[in-house]
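Protein chains: 2
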Amino acid sequence: MTLSLNQRTTRRWTVAEAVDGCVRHGLEAIGLWRENVAEQGLAESVKLVREAGLRVSSLCRGGFMTAGGLPGDEGRRAFVRALDDNRRAIDEAAELRAACLVMVVGGLPGVTPGEPLPTGTANAGGVAAGGFSRDLAGARERVAEALAELAPYAGERGVKLALEPLHPVYCPDRAVLSTLGQALDLSLAYPEEQVGVVVDTFHVWWDPRLFEDIARAGRRIASYQVCDYLHPLPADVLLGRGMMGDGVIGFPPITKAVLAAGYTGDVEVEIFNADIWAADPDEVVATMKARYEDVVPATG
Amino acid sequence: MTLSLNQRTTRRWTVAEAVDGCVRHGLEAIGLWRENVAEQGLAESVKLVREAGLRVSSLCRGGFMTAGGLPGDEGRRAFVRALDDNRRAIDEAAELRAACLVMVVGGLPGVTPGEPLPTGTANAGGVAAGGFSRDLAGARERVAEALAELAPYAGERGVKLALEPLHPVYCPDRAVLSTLGQALDLSLAYPEEQVGVVVDTFHVWWDPRLFEDIARAGRRIASYQVCDYLHPLPADVLLGRGMMGDGVIGFPPITKAVLAAGYTGDVEVEIFNADIWAADPDEVVATMKARYEDVVPATG
Chain P
1 MTLSLNQRTT RRWTVAEAVD GCVRHGLEAI GLWRENVAEQ GLAESVKLVR
51 EAGLRVSSLC RGGFMTAGGL PGDEGRRAFV RALDDNRRAI DEAAELRAAC
101 LVMVVGGLPG VTPGEPLPTG TANAGGVAAG GFSRDLAGAR ERVAEALAEL
151 APYAGERGVK LALEPLHPVY CPDRAVLSTL GQALDLSLAY PEEQVGVVVD
201 TFHVWWDPRL FEDIARAGRR IASYQVCDYL HPLPADVLLG RGMMGDGVIG
251 FPPITKAVLA AGYTGDVEVE IFNADIWAAD PDEVVATMKA RYEDVVPATG
Chain D
1 MTLSLNQRTT RRWTVAEAVD GCVRHGLEAI GLWRENVAEQ GLAESVKLVR
51 EAGLRVSSLC RGGFMTAGGL PGDEGRRAFV RALDDNRRAI DEAAELRAAC
101 LVMVVGGLPG VTPGEPLPTG TANAGGVAAG GFSRDLAGAR ERVAEALAEL
151 APYAGERGVK LALEPLHPVY CPDRAVLSTL GQALDLSLAY PEEQVGVVVD
201 TFHVWWDPRL FEDIARAGRR IASYQVCDYL HPLPADVLLG RGMMGDGVIG
251 FPPITKAVLA AGYTGDVEVE IFNADIWAAD PDEVVATMKA RYEDVVPATG
């Protein structure tokens, strides 16, 4: 397993700067974000990674396809928009020859990521007056429906969709896929080269079925991402991802299980963290490399 | 199903005041906390609930039995202390004729609930220099070992231990039991009258296996607790429990599943919430009753 820099870890770097940084620090792979690729330009981004000889370990991210659970025209329009955007993401991943397109599937319909709930009522079922839905089972069905549209499209372009289960704390607003087992079950209807799963230590470390589901996933594991889980989480829980060794996760057994499952891809470090974003990106990459060696190996 | 006031919802009330409040609002059951019972006196608390004709739907709480995962003498002493305290909790539950003793099993050894991590090192396995352990699997084994000691003791006294899975956000510091399925699996080694499980909507609403595991639990469900899951969580995640209808949970399908599983006990409302604690307890109980009727029923 070789280390890959997910560019969100060095957030202030453009694609060009992150590519340079990877080369400077001897890394062979990079995980890119669509926003950054758009700023750099898709063709230019492709050229940069090719000329640097880097693998693109993932493109982040497609998904957010649950808004179709809103009622009527609003829901139908949102579903069509989400499919369109995901097809563009697949096209970009194909151009970049990304090992996978990471899919963050979306939360409850009508709940905006990182925002408070729309002012609702005490209506427990269906759609609240404030315009969001508490129908979690329905939101999960919308994900399955969207995947049925997108998986063949991805397959035709040689792109693997990587379903990412997120920690349950993100279930309201970011991902109704909450466990590896759930993501895996959803993937099984499709060929292995079309739909896989992400194992991100931050999201799954607590799961009592983790080792069983990693083994069951086998070569469905499309991406292994590592970062630590800080405790307590900061007020903005999105920023609770820490450098490996700074939190509560014991990495060796997880790494060992991922390797035993047959994973041979790159290992991405993706950290959302205000302190790390404020630091010198070169120092962050140096620390990342050292901690990766110290903390992550199966034999650690 | 009838409504029960978990006294933590009206935090400023003593046992005597909470018993009075239940009677005044026409409730038939109350969930008590050990600290409050100790302040009121155990014998006096027993007398108060008996004379008021209230059922004690639960006593909160035993548990915190993972510290035995610390190395050497420190671990052994912590394990013995935890068993002693749990035996006292069982004795109190027997005196109160509580329907169950709720067990919050504890987090990673050496992590104090609600406190930052001890300053550790980047040591990923075993015990970090700062004095806490990242061995989650080991902590879960300690829970099983403690349960093997306590279940027969509880059985002899007619007390049912109710294993409570907590939301994964509490895995570091409060409970390494993170899903209903995990709690249920742990309970199955013991007779139904000795060890059951808690279904608390706040903790389990996100779980993709929830309905399957509620059905599997059947009459192992020792307590059904309802409150809402606020989004975003407040900075102190312990206080993210909201009045039913104020958060993201759709209650009817969960209530329906719990009833279908054969649950016939009381339904406790247990809310940790700074605003609710600051409000007039009588108003809180009135709101609780109204919301319970509006939002929680299976047919809602």
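Those protein sequences? They're chains P and D, same order as listed. Using full-length UniProt numbering, the first residue of the first sequence is number 1, and each one after it goes up by one. Using full-length UniProt numbering, the first residue of the second sequence is number 1, and each one after it goes up by one. Beta carbons are placed, not taken as given, at the ideal position from N, Cα and C, and that holds for glycine. Please read all numbers here as calculations on a predicted model, not as lab measurements.
DSSP beta-bridge partners of residue i
i	result
residue 348 of chain D	Examination of residue 348 of chain D is not possible in this model, given that chain D is present from 1 through 300 alone.
residue 241 of chain P	P/229
residue 3 of chain D	D/267
residue 104 of chain P	P/63
residue 30 of chain D	D/5, D/56
residue 161 of chain D	D/101, D/195
residue 175 of chain P	P/106
Cross-chain neighbours of residue i in chain D, by beta carbon under 7 Å
i	result
residue 206 of chain P	168, 171, 178
residue 144 of chain P	Per Cβ cutoff of 7 Å: no residues; residue 144 of chain P is ~12 Å from chain D at best.
residue 182 of chain P	208
Classification of residue i by the beta-carbon crowding that lies within 10 angstroms, buried from 16 upward
i	result
residue 119 of chain P	exposed
residue 124 of chain P	Caution is warranted here: a pLDDT of 45 is assigned to residue 124 of chain P, below 50, making its placement in the model unreliable, and the coordinate value is therefore given only provisionally. Burial call: buried.
residue 228 of chain D	buried
residue 2 of chain D	exposed
residue 88 of chain D	exposed
residue 31 of chain D	buried
residue 199 of chain D	buried
residue 121 of chain P	In this prediction, residue 121 of chain P has a pLDDT of 49, which is less than 50 and means its spatial position is unreliable; nothing more can be read from the coordinates.
residue 152 of chain D	exposed
residue 144 of chain P	exposed
residue 235 of chain D	exposed
residue 165 of chain D	buried
residue 250 of chain D	buried
residue 102 of chain P	buried
residue 50 of chain P	exposed
residue 191 of chain D	exposed
residue 114 of chain D	exposed
residue 76 of chain P	exposed
residue 156 of chain D	exposed
residue 154 of chain D	buried
residue 61 of chain P	buried
residue 301 of chain D	The requested residue 301 of chain D is not part of the displayed model; chain D covers only 1 to 300.
residue 126 of chain P	Unreliable placement is indicated for residue 126 of chain P, whose pLDDT of 49 sits below 50; the coordinate value is still reported in the next sentence. Residue 126 of chain P is exposed by the Cβ-count criterion.
residue 24 of chain D	exposed
residue 139 of chain D	buried
residue 29 of chain D	buried
Contact belief for residue i with residue j at Cβ below 8 Å, rounded distance in angstroms
i	j	result
residue 220 of chain D	residue 196 of chain D	5 Å
residue 182 of chain D	residue 168 of chain P	Not really, about 14 Å apart at Cβ, beyond 8 Å.
residue 57 of chain D	residue 268 of chain D	5 Å
residue 161 of chain D	residue 132 of chain D	The pair is not a contact, with the Cβ atoms about 26 Å apart (cut-off 8 Å).
residue 301 of chain P	residue 261 of chain P	The structure shown does not extend to residue 301 of chain P, since chain P is modelled only from 1 through 300, so no value can be given for it.
residue 37 of chain D	residue 106 of chain D	21 Å between Cβ atoms; not a contact.
residue 100 of chain D	residue 206 of chain P	That pair is no contact at about 25 Å.
residue 83 of chain P	residue 150 of chain P	7 Å
residue 298 of chain P	residue 232 of chain P	In fact, because the Cβ distance is near 29 Å, the residues do not count as touching under 8 Å.
residue 19 of chain P	residue 43 of chain P	That belief does not hold up - the Cβ atoms of residue 19 of chain P and residue 43 of chain P are roughly 14 Å apart, past 8 Å.
residue 281 of chain P	residue 33 of chain P	Between residue 33 of chain P and residue 281 of chain P the Cβ distance is about 15 Å, and since that is not below 8 Å, they are no contact.
residue 270 of chain D	residue 6 of chain D	4 Å
residue 296 of chain P	residue 226 of chain P	6 Å
residue 59 of chain D	residue 15 of chain D	Going by Cβ atoms, the distance from residue 59 of chain D to residue 15 of chain D rounds to 11 Å, so no, they are not a contact pair.
residue 104 of chain P	residue 79 of chain P	Not a contact, Cβ separation roughly 17 Å.
Contacts that residue i makes with chain D (C-beta to C-beta distance below 9 Å)
i	result
residue 137 of chain P	211, 250, 253
residue 117 of chain P	230, 231, 232, 246, 247, 248
Beta-carbon neighbours of residue i, restricted to chain P and to distances below 7 Å
i	result
residue 235 of chain D	235
Min CB distance residue i to chain C below 8 Å
i	result
residue 211 of chain D	This model lacks chain C altogether; the protein chains it does include are P and D.
Give me the subset of the segment 96-112 of chain D whose CB atoms are less than 9 Å from a CB atom of chain P, sorted by chain position.
From the segment 96-112 of chain D, only 107, 108, 111 have a Cβ closer than 9 Å to chain P.
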